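Engineer: Residue numbers (our numbering): 960 to 1244.
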Ligand code: HEM
């Protein structure tokens, strides 16, 4: 190996320092990323060692959710403009983030029931059930249930944001519009429907997707779109499944801190399908 003199190394360090001090007006890394705010807000309510894991796993998941919402909004707008390639790139990123948050369950599963029970009572009624970002993701995928908005009645700003998302078209609504724009016969009533009503399926949409999947060369973009949507729904269900099993592993069938039946509730939501025709298609093709 080549021998380096101390002055060579010093020179190298200085040149690296030059690169790293190239921040606008002396701004530091920590300032740019607001690390003070982020790293000084793991406020444990107990002195239990594992509470740190519990807080950080939720905070990390919420940060990833923020990026998912950002990408989903970008993708919805791009599909509306007919710009499929940028939309695909954003949806592919959503899928990769989903892989991260699915993997995160492995980290949480290192916490045993005995460890969690030592600080569970300190959480009071706080529960992931109240995660408004999770609801924004569900809304962007078209899963809208009015009782969810009631949870946020006391948080005016959050409620306003949720209501706006609740009545906006979901990624599936704009995808149905894209099918119509491509000349496929789609029930007109779907194109300007009340988007706050949960989409429950339509024969014309089923027929349109079938045409796309049977003529992939002609409808390559729509075919890709369909598969990207299936990727996202598939991963969301995997996340839900891992959540449900991790919860069962840690608290068994105890009721949730948010007041639901716990694992049984989490199992029920697994039954919901966001893009029904894209799943039915697998059988009829
Ligand atoms: C020890 C760990 C955990 C336990 C025991 C647990 C338990 C539960 C339970 C029982 C529910 C149902 C609502 C309730 O009654 O509270 C729930 C909902 C939820 N949890 Fe967790 N959870 C854990 C970790 C997490 C993590 C790390 C996240 C990531 C953000 C999360 C996000 C959610 C979300 C978004 C819901 C709402 C699900 C829906 O309504 O479909 N949970 N959790």
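Ideal Cβ placement from N, Cα and C applies to all residues, glycine included.
Quick caveat: nothing in here was measured; it's all calculated off a predicted structure.
Do the segment 1117-1124 and the segment 1048-1060 make contact, defined as three or more Cβ pairs closer than 8 Å?
Structural biologist: no
Engineer: Taking 8 Å as the threshold (C-beta atoms), are residue 1078 and residue 1021 in contact?
Structural biologist: Locating residue 1021 in the chain shown gives position 62, where the first residue counts as 1. Locating residue 1078 in the chain shown gives position 119, where the first residue counts as 1. Their beta carbons are not under 8 Å apart, which means residue 1021 does not touch residue 1078 by this criterion.
Engineer: What span of residues does the alpha helix (DSSP H) with residue 1239 cover, start to end?
Structural biologist: By 1-based counting over the chain shown, the position of residue 1239 is 280. 1235-1243 is the span of the alpha helix (DSSP H), which, as asked, contains residue 1239.
Engineer: Applying the 10 Å Cβ sphere with the 16-neighbour rule, what's the burial state of residue 991?
Structural biologist: Working through the chain shown from its first residue, we reach residue 991 at position 32. Exposed: under 16 other Cβ atoms inside 10 Å.
Engineer: Using the three-state DSSP reduction, which class does residue 1074 fall into: helix, strand or coil?
Structural biologist: Sequence index remark: in the chain shown, residue 1074 carries index 115 (1-based). It is helical.
Engineer: Could you check if residue 1018 is buried or exposed, using at least 16 other CB atoms within 10 Å of its CB as the buried criterion?
Structural biologist: Start at 1 with the first residue of the chain shown, and residue 1018 comes out as number 59. Exposed is the call here.
Engineer: Can you give me the start and stop residues for the alpha helix (DSSP H) that residue 1100 sits inside?
Structural biologist: Start at 1 with the first residue of the chain shown, and residue 1100 comes out as number 141. Segment: none, residue 1100 is in no alpha helix (DSSP H) and carries neither H nor E.
Engineer: Within a Cβ cutoff of 7 Å, which residues of the same chain sit near residue 1047, ignoring the five residues on either side of it in sequence?
Structural biologist: On the chain shown, residue 1047 is found 88 positions in, with the first residue counted as 1. Hits under 7 Å: 1183, 1187.
Engineer: Quick check: the Cα distance between residue 1124 and residue 1159, rounded to an integer number of angstroms?
Structural biologist: As a first step, residue 1124 is located in the chain shown; it is residue number 165 there, counting from the start. As a first step, residue 1159 is located in the chain shown; it is residue number 200 there, counting from the start. Distance from the CA atom of residue 1124 to the CA atom of residue 1159, rounded to whole angstroms, is 18 Å.
Engineer: For the alpha helix (DSSP H) that contains residue 983, what are its first and last residues?
Structural biologist: In the chain shown, counting from the first residue as 1, residue 983 sits at position 24. No alpha helix (DSSP H) contains residue 983, which DSSP labels as neither H nor E.
Engineer: Please classify residue 1035 as buried or exposed, where buried requires at least 16 other C-beta atoms within 10 Å of its C-beta.
Structural biologist: Your numbering for residue 1035 matches position 76 in the chain shown. Result: buried.
Engineer: Look at the Cβ atom of residue 1231, then the Cβ atom of residue 1102, and state whether they are nearer than 8 Å.
Structural biologist: In the chain shown, the residue the question calls residue 1231 occupies position 272. In the chain shown, the residue the question calls residue 1102 occupies position 143. Going by C-beta atoms, residue 1231 is nearer than 8 Å to residue 1102.
Engineer: Whose CA, out of 1192, 1206, 1133, 1233, lies closest to the CA of residue 1042?
Structural biologist: If you number the chain shown from 1, residue 1042 lands on position 83. Closest option to residue 1042, Cα to Cα, is 1133.
Engineer: Helix, strand or coil for residue 1223? Go by DSSP, reduced to three states.
Structural biologist: Within the chain shown, residue 1223 is the residue found at index 264, counting from 1. Note: residue 1223 maps to helix in three-state DSSP.
Engineer: Would you mind giving the Cβ-Cβ distance between residue 1105 and residue 1209, rounded to the nearest angstrom? I have them listed as a contact below 8 Å.
Structural biologist: Reading the chain shown from its first residue, position 146 is the one you call residue 1105. Reading the chain shown from its first residue, position 250 is the one you call residue 1209. The Cβ separation is near 31 Å, so there is no contact.
Engineer: Can you give me the start and stop residues for the alpha helix (DSSP H) that residue 1125 sits inside?
Structural biologist: Walking along the chain shown from the start, residue 1125 turns up at place 166. Note, residue 1125: alpha helix (DSSP H), 1115-1126.
Engineer: Please report the distance separating the alpha-carbon of residue 1099 from that of residue 1157.
Structural biologist: Position 140 of the chain shown, counted from the first residue, corresponds to residue 1099. Position 198 of the chain shown, counted from the first residue, corresponds to residue 1157. If I take the Cα positions, the gap works out to 11 Å.
Engineer: According to DSSP, is residue 1079 helix, strand or coil?
Structural biologist: Along the chain shown, one-based indexing puts residue 1079 at 120. If DSSP states are grouped into helix, strand and coil, residue 1079 belongs with the helices.
Engineer: Just verifying my parser: in three-state terms, what is the DSSP assignment at residue 1045?
Structural biologist: On the chain shown, residue 1045 is found 86 positions in, with the first residue counted as 1. Helix.
Engineer: Is it a yes or a no for the segment 986-1000 touching the segment 1053-1068, going by three-plus beta-carbon pairs under 8 Å?
Structural biologist: They do not touch, by the three-pair rule.
Engineer: Tell me the residue span of the alpha helix (DSSP H) that contains residue 1170.
Structural biologist: As a first step, residue 1170 must be located in the chain shown, where it is residue number 211. Residue 1170 -> alpha helix (DSSP H) spans 1162-1173.
Engineer: Go to residue 1189, then tell me how far its alpha helix (DSSP H) extends in each direction, as first and last residue.
Structural biologist: Numbered from 1 along the chain shown, position 230 holds the residue referred to as residue 1189. 1179-1210 is the extent of the alpha helix (DSSP H) around residue 1189.
Engineer: Cβ atoms of residue 1092 and residue 1028: under 8 Å apart, would you say?
Structural biologist: For the purposes of this step, residue 1028 is identified with residue 69 of the chain shown, where counting begins at 1. For the purposes of this step, residue 1092 is identified with residue 133 of the chain shown, where counting begins at 1. In contact: residue 1028 and residue 1092 (Cβ atoms closer than 8 Å).
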